[in-house]
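Student:
2 protein chains.
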Amino acid sequence: MITNQRRVVDTPLTPLRFLRRAADVYPEKTAIVDGSRRLSYTEAAESAAALARAIAASGVGAGDSIAYLAGNSAELVIAHFGVPLAGAALVAINTRLSSDEIAYILDHCSAGLVFADGSLADQHGAVLASGAGELVVLPEQDGTGGTYESFLARGCAAAEPEWAVADETATIAINYTSGTTGRPRGVTYTHRGAYLNALGQVIHQGFDFTTNYLWTLPLFHCNGWCGAWAVTAVAGTHVCLRAVRGPDIWRLLAAENIDHLSGAPAVLSIMAEAAEAHPLERPLSIATGGAPPSPAATKQLKELRARVFHLYGLTETYGPYAMCEYQPTWAGLDPEALSVKLARQGVGMITADELRVVQTDPDTLELEDVPCDGVAIGEIVMRGNTVMKGYYRDEAATATAFAGGWFHSGDLGVRHPDGYVQLVDRAKDVVISGGENISSVELEQALLSHPAVAEVAVIGVPDERWGERPKAYVVLRAEKVATEDELIAHVKVKIAGYKAPKMVAFVDALPRSATGKVLKQQLRDLEWAGRATRIHG
Amino acid sequence: MITNQRRVVDTPLTPLRFLRRAADVYPEKTAIVDGSRRLSYTEAAESAAALARAIAASGVGAGDSIAYLAGNSAELVIAHFGVPLAGAALVAINTRLSSDEIAYILDHCSAGLVFADGSLADQHGAVLASGAGELVVLPEQDGTGGTYESFLARGCAAAEPEWAVADETATIAINYTSGTTGRPRGVTYTHRGAYLNALGQVIHQGFDFTTNYLWTLPLFHCNGWCGAWAVTAVAGTHVCLRAVRGPDIWRLLAAENIDHLSGAPAVLSIMAEAAEAHPLERPLSIATGGAPPSPAATKQLKELRARVFHLYGLTETYGPYAMCEYQPTWAGLDPEALSVKLARQGVGMITADELRVVQTDPDTLELEDVPCDGVAIGEIVMRGNTVMKGYYRDEAATATAFAGGWFHSGDLGVRHPDGYVQLVDRAKDVVISGGENISSVELEQALLSHPAVAEVAVIGVPDERWGERPKAYVVLRAEKVATEDELIAHVKVKIAGYKAPKMVAFVDALPRSATGKVLKQQLRDLEWAGRATRIHG
């Protein structure tokens, strides 16, 4: 038997180490570009330490929450280190939320301090002034204005913070999910989980110290999918982007020699369709998630020297948990067959645990994997280091989410014979027609493969014979035309005829939430008006 | 205050996950090439599971040690997973040790099973037959012979092992150090440490799923610097090499499209000087450690399209803990100035903790960092997840090694103004002359920069006036000549005159240990014969 020897305590895992190391190894390297401001890694580390000292001097610290209501800025990147350096948890709030929603979050997390961009402070002034923690107004992009500098000044005499954490399972951040029903829930991330998912992002996205990362993804989305920490781990350069606009993206791609960015498929469309689009000098890697990338945008971007790959995860999984890993054997596939492969959510990352598709026994809570046949539908469940600690101050919701020891995503998927998982629907969006499950995602993908279709949302609408039938709301591309019959015929050659939509409605835009999610609820309200239930069969 | 919510248990970190995932995601991809044998990832995972089942069926398991006495083979790669899969610790023994040393290790770790190559089983038959655990003879490179297959057969009926570990601080491996004095000590590695250092190797060496890794480094050296796990993490291909010979290396570089290998500087010389050397088709990344790479070999290899980078660590730090990270600002340096930069040991890796150079107060055991001036000499100390759990069954040595909470390497170094650490000597090899410390490593580097010098060892010899003076033992390159005066003059233009050797002795070969370390002790024996002490001043 191996006897125990003196246990030397392991260093707790924390992303704080990443900034400390980057500043030690690459002190002069540019850490953050924000408009005309350029901060070296020394300056970034000093700024984080100054923030931590001022937080401590304000009487806020271990176990407290600190909220940010800010666009992608140098200050928000720094907050990802300065706030946990003070022992507090960062709550980066979605800037498109309403005053009511913001008020709810500030109250729910008992924010000890609130940092806000000037324009957002004005917009939500009433909420920020009442009850919540002290308000600090962040500077403009040029570094002037606001009350941030004077806030920092109060920390001058405070002790230098330690770049370490005593307990790696301490909370580093709370991210509120933008639930379409009910109140937002606070998803808690640990130092350990953030550290490991950041390393996973480094490995899978291929970051290194030459990386110049353009922040097209909001930092308030899962801490930028842990990118705030991952890019810093390799001492790459963060290039802030305060609004996702084609001209700005294309200007920065060239000016800052960008090699990586991330974002929802909408970002890909904005890039591909921008008037400024042109083949890139440096190859660009684009990580997308939230929905499968459209084959059309992927193809357009490939011609511009950008490689698109597909990640999958939720706020509860620190952002990306899985990715559609490219298989060498796919090299011979024609573009259409390849795009079918690449639209899948894929496999768990190196730092993640398994990605399972299961049926849950409602009595025993036992999980049974569905067969790997690409047909049997189950719920996607995940667990491990890169799954949240729980919902903040909501033990009941946490217990429900982790029924059977695995996090239940609420997403429905299939597992293909090669083991790759494909999302077929959000649980509540499935259309059941004639007893058959129809995946609205699959149908949306089929419609998106038509060259005239820019955006699409599929919902179930009542049907006398079949219970429900799918209906598609379609936004056409600029200067393109298509008829309802043409689109239905197009779908029928792509997927089984019974899945084709009954009707197509052409609209100018889809209703979307503050985070850009399509509000199918609003579409259903239209279609199901006057009925008692939305289940019809 | 943040209240605690239901804690969902994190998945314990373990490299076992790497093989399970690689087999799930890339089942058909080649995991291991060993001579004419090629194992897919499915086959590798099945082989590891078969090994684990047979170990369990043999009554060996959790808390036991299992020894391997084997060259770089498919079986030894698989043992890195199959042994811990059975809950046991892998003890991969240096194949160049004597029967006595092997007997000591087998006894010290109470090996429950011993796996040996046929030739080594013959060579050490008496030791292996007596007392130690059951002997299993491994097959030849073509997969035939030995008793391994029949051993595996006994596990057929055993239960499928779980690809997980209950406690991430459990021991995954014990690596015995080849101390030049005293008995070998067993350095214990944990699942957590192996997992994290493997991810560090992936990031710093730049492994990905296209990686074809040539095993020039013995797998029994710190588990191949954790490469057995790191290459598997990205589902790269392990290409086994059973003896480090130029023709075999150059044949495999081409045949297997190798992009990475590692090894001591001697491997670099063998490669650079081989008759088969030619510019490579695929760029090759070579990680070297144990001693700084010689500028001459680095330059020769660069011309062949191989990039050399320099790692630093010890058996106690899972192999590499630090690396000489390349700075973008070095791009403008001339080759000589650059080689001076690259010969430094550098900075702690992303997954490591700090790399410190300290003076230890002998009474309080407090550590004080030396100034960053490139001159003040201190001891290199390290800690954290990628430092050993301790010396197996040697609490006293463990306590001494971790005096003050940091692992004391016994290596002496300086810290330069840019924060990079440079090893100046092994503690026992410092030459003290006229009260000045002279680094034998620095002097060896200066001599190696002469085009005629192939190998060199510097020791202190007695001197009436200065106490000690350095003396150099030099092996010249084939068909090159140089005189003592010429070499001393060469050194004096490189470094301070007082550091130049008093004498140069030309020899055909340096005395080396089984692991290739120069046995300076033997050289000192010659020089200090008849004296009571080896300190002279």
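These protein sequence lines map, in sequence, to chains C and F.
Heads up, the first sequence is in the working numbering, so the first residue is 1 and it goes up one at a time.
Heads up, the second sequence is in the working numbering, so the first residue is 538 and it goes up one at a time.
Here a beta-carbon is modelled for each residue, glycine too, at the ideal position from N, C-alpha and C.
Taking its Cβ as the centre, do 16 or more other Cβ atoms sit within 10 Å of Thr-888 of chain F, making it buried, or is it exposed?
Tutor: In the second sequence, counting from the first residue as 1, residue 888 of chain F sits at position 351. Under this definition Thr-888 of chain F is a buried residue.
Student: Between which residues of its own chain and Asp-931 of chain F is the CB-CB distance below 7 Å, once the five residues before and five after are set aside?
Tutor: Taking the first residue of the second sequence as 1, we reach residue 931 of chain F at position 394. Taken in chain order, the residues that qualify are Arg-722.
Student: Assuming Gln-422 of chain C contacts Arg-344 of chain C under a Cβ cut-off of 8 Å, what Cβ separation, rounded to an integer in Å, is found between them?
Tutor: Walking along the first sequence from the start, residue 422 of chain C turns up at place 422. Walking along the first sequence from the start, residue 344 of chain C turns up at place 344. The Cβ separation is near 4 Å, so the contact holds.
Student: Val-776 of chain F and Val-804 of chain F - do their beta-carbons sit closer together than 8 Å?
Tutor: The residue you call residue 804 of chain F lines up with position 267 of the second sequence. The residue you call residue 776 of chain F lines up with position 239 of the second sequence. No, the pair does not count as a contact, with Cβ atoms beyond the cut-off.
Student: Does DSSP put Val-540 of chain C in a helix, a strand or coil?
Tutor: Residue 540 of chain C is absent from the structure shown; chain C starts at 1 and stops at 537.
Student: Can you tell me which of C:Ala-509, C:Gly-155 and C:Val-491 puts its alpha carbon nearest to the alpha carbon of Pro-501 of chain C?
Tutor: Your numbering for residue 501 of chain C matches position 501 in the first sequence. Closest by alpha carbon: C:Val-491.
Student: So Ile-740 of chain F contacts chain C; which residues on that side make the cut at Cβ distance below 9 Å?
Tutor: Within the second sequence, residue 740 of chain F is the residue found at index 203, counting from 1. The contacting residues are Leu-199, Val-202, Ile-203, Phe-207, Asp-208, Ala-233 and Val-234.
Student: Quick one: using the 10 Å Cβ neighbour count with 16 as the cut-off for buried, is Ser-876 of chain F buried or exposed?
Tutor: The count along the second sequence starts at 1 and reaches residue 876 of chain F at position 339. Label assigned to Ser-876 of chain F: buried.
Student: Is any beta-carbon of chain F found at less than 8 Å from that of Pro-15 of chain C?
Tutor: Here residue 15 of chain C refers to the residue found at position 15 when the first sequence is read from its first residue. Taking Cβ atoms only, chain F never reaches closer than 8 Å to Pro-15 of chain C, which makes this a no.
Student: Hey, would you say Leu-550 of chain F sits closer than 8 Å to Tyr-732 of chain F, going by beta carbons?
Tutor: Here residue 550 of chain F refers to the residue found at position 13 of the second sequence. Here residue 732 of chain F refers to the residue found at position 195 of the second sequence. Result yes, Cβ atoms of Leu-550 of chain F and Tyr-732 of chain F sit closer than 8 Å.
Student: Show which residues of chain F have a CB atom less than 8 Å away from the CB atom of Asn-385 of chain C.
Tutor: Residue numbering aside, residue 385 of chain C sits at position 385 when the first sequence is read from its first letter. Under the 8 Å cutoff, chain F gives Asp-547, Thr-548 and Leu-550.
Student: What residues from the stretch 862-887 of chain F come within 8 Å of chain C, judged by C-beta to C-beta, listed N to C?
Tutor: Flagged, chain order: Glu-862, Gln-864, Pro-865, Thr-866, Val-884, Gly-885 and Ile-887.
Student: Could you spell out the range, first to last residue, of the beta strand (DSSP E) harbouring Phe-618 of chain F?
Tutor: If you number the second sequence from 1, residue 618 of chain F lands on position 81. Premise fails: Phe-618 of chain F lies in the alpha helix (DSSP H), 611-622, not in any beta strand (DSSP E).
Student: Cα separation between Ile-642 of chain F and Ile-1032 of chain F?
Tutor: Position 105 of the second sequence, counted from the first residue, corresponds to residue 642 of chain F. Position 495 of the second sequence, counted from the first residue, corresponds to residue 1032 of chain F. Straight-line Cα distance between these residues: approximately 43 Å.
Student: Leaving out five residues on either side along the sequence, give the residues of the same chain with a beta carbon under 6 Å from the beta carbon of Val-134 of chain C.
Tutor: In the first sequence, residue 134 of chain C corresponds to position 134, counting from 1. Looking at the sequence shown, residue 134 of chain C is not Val but Glu. The answer, listed in chain order, is Leu-113.
Student: Suppose you measure from the CA of Val-458 of chain C to the CA of Phe-757 of chain F; what does that come to, to the nearest Å?
Tutor: For the purposes of this step, residue 458 of chain C is identified with residue 458 of the first sequence, where counting begins at 1. For the purposes of this step, residue 757 of chain F is identified with residue 220 of the second sequence, where counting begins at 1. Taking the straight line joining both Cα atoms gives about 58 Å.
Student: Could you name the residues of the stretch 560-583 of chain F whose beta carbon sits closer than 9 Å to any beta carbon of chain C, in the order they occur along the chain?
Tutor: Taking 9 Å as the Cβ-Cβ cut-off against chain C, the residues of the stretch 560-583 of chain F that qualify are Asp-561, Val-562, Tyr-563, Pro-564, Glu-565 and Lys-566.
Student: Cβ of Asp-890 of chain F less than 8 Å from any chain B Cβ?
Tutor: Of the protein chains in the structure, C and F, none is chain B.
Student: Taking the alpha carbon of Asp-107 of chain C as the point to measure from, which residue in C:Gly-227, C:Gly-413 and C:Asp-64 has its own alpha carbon closest?
Tutor: Translated into the one-based positions of the first sequence, residue 107 of chain C becomes position 107. That would be C:Asp-64, whose Cα lies nearest to the Cα of Asp-107 of chain C.
Student: Tell me, please, whether the CB atom of Gly-947 of chain F is closer than 8 Å to any CB atom in chain C?
Tutor: Within the second sequence, numbered from 1, the residue matching residue 947 of chain F stands at position 410. For Gly-947 of chain F, the answer is no, since every Cβ of chain C falls outside 8 Å of its Cβ.
Student: Among the candidates C:Gly-390, C:Val-504 and C:Val-474, whose CA atom is the shortest distance from the CA of Ala-170 of chain C?
Tutor: Start at 1 with the first residue of the first sequence, and residue 170 of chain C comes out as number 170. Comparing Cα positions, the closest option is C:Gly-390.
Student: Check the Cβ-Cβ distances between Gly-941 of chain F and every residue of chain C, and say whether any is below 8 Å.
Tutor: Residue numbering aside, residue 941 of chain F sits at position 404 when the second sequence is read from its first letter. Not one chain C Cβ lies under 8 Å of Gly-941 of chain F.
Student: If you measure between the beta carbons of Ala-322 of chain C and Gly-348 of chain C, is that distance less than 8 Å?
Tutor: Residue numbering aside, residue 322 of chain C sits at position 322 when the first sequence is read from its first letter. Residue numbering aside, residue 348 of chain C sits at position 348 when the first sequence is read from its first letter. Yes, the Cβ-Cβ distance between Ala-322 of chain C and Gly-348 of chain C is below 8 Å.
Student: On the CB-based measure, 16 or more other CB atoms within 10 Å of its CB, does Lys-480 of chain C come out buried or exposed?
Tutor: Translated into positions along the first sequence, residue 480 of chain C becomes position 480. That one is exposed.
Student: Val-1030 of chain F and Ala-1009 of chain F: beta carbons closer than 8 Å?
Tutor: On the second sequence, residue 1030 of chain F is found 493 positions in, with the first residue counted as 1. On the second sequence, residue 1009 of chain F is found 472 positions in, with the first residue counted as 1. No.
Student: Who does Thr-725 of chain F pair with in a DSSP beta bridge?
Tutor: Translated into the one-based positions of the second sequence, residue 725 of chain F becomes position 188. According to DSSP, which records beta bridges pairwise, Thr-725 of chain F is partnered with F:Ile-711 and F:Gly-927.
Student: Under 9 Å Cβ-Cβ, which residues of chain C neighbour Arg-893 of chain F?
Tutor: Here residue 893 of chain F refers to the residue found at position 356 of the second sequence. Under the 9 Å cutoff, chain C gives no residues; its nearest Cβ is about 11 Å from Arg-893 of chain F.
Student: I need the straight-line Cα distance from Leu-443 of chain C to Val-424 of chain C, nearest angstrom please.
Tutor: Position 443 of the first sequence, counted from the first residue, corresponds to residue 443 of chain C. Position 424 of the first sequence, counted from the first residue, corresponds to residue 424 of chain C. Cα to Cα, Leu-443 of chain C sits roughly 9 Å from Val-424 of chain C.
Student: Could you give the residue range of the beta strand (DSSP E) that holds Tyr-685 of chain F?
Tutor: What you label residue 685 of chain F is simply residue 148 of the second sequence in a count that begins at 1. Not the beta strand (DSSP E): Tyr-685 of chain F falls in the alpha helix (DSSP H), residues 685-690.
Student: For Thr-717 of chain F, decide whether its Cβ has a neighbour in chain C, counting only Cβ atoms nearer than 8 Å.
Tutor: In the second sequence, the residue the question calls residue 717 of chain F occupies position 180. Residue placement at Thr-717 of chain F is poorly supported in this model, since its pLDDT is 42, which falls under 50; the coordinates still yield a value, given next. For Thr-717 of chain F, the answer is no, since every Cβ of chain C falls outside 8 Å of its Cβ.
Student: Quick check: what's the CA-CA separation for Glu-1064 of chain F versus Gly-773 of chain F?
Tutor: Counted from its first residue, the second sequence places residue 1064 of chain F at position 527. Counted from its first residue, the second sequence places residue 773 of chain F at position 236. Using only the alpha carbons, I get a separation of about 49 Å.
Student: Listed from N- to C-terminal order along the chain, which residues in the stretch 55-67 of chain C have their beta-carbon within a distance smaller than 8 Å of any beta-carbon of chain F?
Tutor: If the cut-off is 8 Å between Cβ atoms, the stretch 55-67 of chain C has Gly-63, Asp-64 and Ser-65 near chain F.
Student: Report buried or exposed for Ala-663 of chain F, applying the criterion of at least 16 other Cβ atoms within 10 angstroms of its Cβ.
Tutor: Taking the first residue of the second sequence as position 1, residue 663 of chain F is located at position 126. So Ala-663 of chain F counts as exposed.
Student: If the cut is a Cβ gap below 8 Å, which residues of chain F does Arg-21 of chain C touch?
Tutor: The count along the first sequence starts at 1 and reaches residue 21 of chain C at position 21. Chain F residues near Arg-21 of chain C: Val-884, Gly-885 and Ile-887.
Student: Once the 5 residues before and after Ala-306 of chain C are set aside, which same chain residues still bring their CB inside 6 Å of it?
Tutor: Counting from one through the first sequence, the residue named residue 306 of chain C turns up at place 306. Once the five neighbours on either side are set aside, the close Cβ partners of Ala-306 of chain C are Leu-284 and Ile-286.
Student: In whole angstroms, what separates the C-alpha of Pro-15 of chain C from that of Trp-229 of chain C?
Tutor: Taking the first sequence and counting its residues from 1, the one referred to as residue 15 of chain C is at position 15. Taking the first sequence and counting its residues from 1, the one referred to as residue 229 of chain C is at position 229. In a straight line, the C-alpha of Pro-15 of chain C is about 6 Å away from that of Trp-229 of chain C.
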